[in-house]
Each structure stands twice: as C-alpha cells, then as structure tokens.
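In mature numbering (1 follows the signal peptide of the UniProt record, and there is no 0), the protein residues as written are -23 to -1, 1 to 56.
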C-alpha cells in the first residue's frame, strides 16, 4: 500500500498540470463583455494557461464555452 501512495505522489510531482496544480495560475478571462457567438477581429494576443497564444481574450472565452474548458490567461502577449 505504501508503494501505491509513493507512486501516486511521484506521478503528481512529475505531471502537475495534468492533476490541476495550475488551476490558480493566471487570471480569469472577462467573458461577460463578449458575445456568445463570434469575436471581434482585434489582434491583442494573450497567452492561455494551455500554452496556446490566442489572438484576443474573446477567443479564450469562446473555446472555454465550446469545449467546456477552464483556460485562463497566463499573461498578455505571446507565450
């Protein structure tokens, strides 16, 4: 039983993103200000907590709604 506990601890340490350790990373996207359909064609890049650069904050909101995800904004600009 101790071996199983040690293995779980090791897995959590090796793969923290997979186990939700980065859930508090970054800031929440302000999706209230964007329509549910479509996004403005404004280039204002943001880096998502998934490591992808989005052209603007609205696109993160759209992806979160469409795929039932919880991607946050790690920082303004490219990753």
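For every residue, glycine included, the Cβ atom is placed at its ideal position computed from N, Cα and C.
Worksheet entry | Close Cβ partners of residue 8 (< 6 Å) along its chain, the five nearest in sequence each way excluded | Around residue 8: 38.
Comparing C-alpha positions only, which one of 13, 44, -22 and 22 sits nearest to residue 51? 22
- Message: According to DSSP, simplified to helix, strand and coil, what is residue 24?
- Response: strand
Using a Cβ-Cβ cutoff of less than 6 Å, which residues in the same chain neighbour residue 33 once the five nearest sequence positions on both sides are dropped? Cβ neighbours of residue 33 beyond the five flanking positions: 19 and 21.
I'd like the span of the alpha helix (DSSP H) that includes residue 18, first residue to last. Counted as a single uninterrupted DSSP element, the stretch harbouring residue 18 is not any alpha helix (DSSP H), since DSSP gives it neither H nor E.
Counting only the same chain and skipping the five closest in sequence on each side, list residues whose C-beta sits under 7 Å from that of residue 27.
-> For residue 27, where only same-chain residues beyond five positions count, the Cβ hits under 7 Å are 48.
Measuring CA to CA, which of -22, 41, 53 and 55 is closest to residue 11?
-> 41
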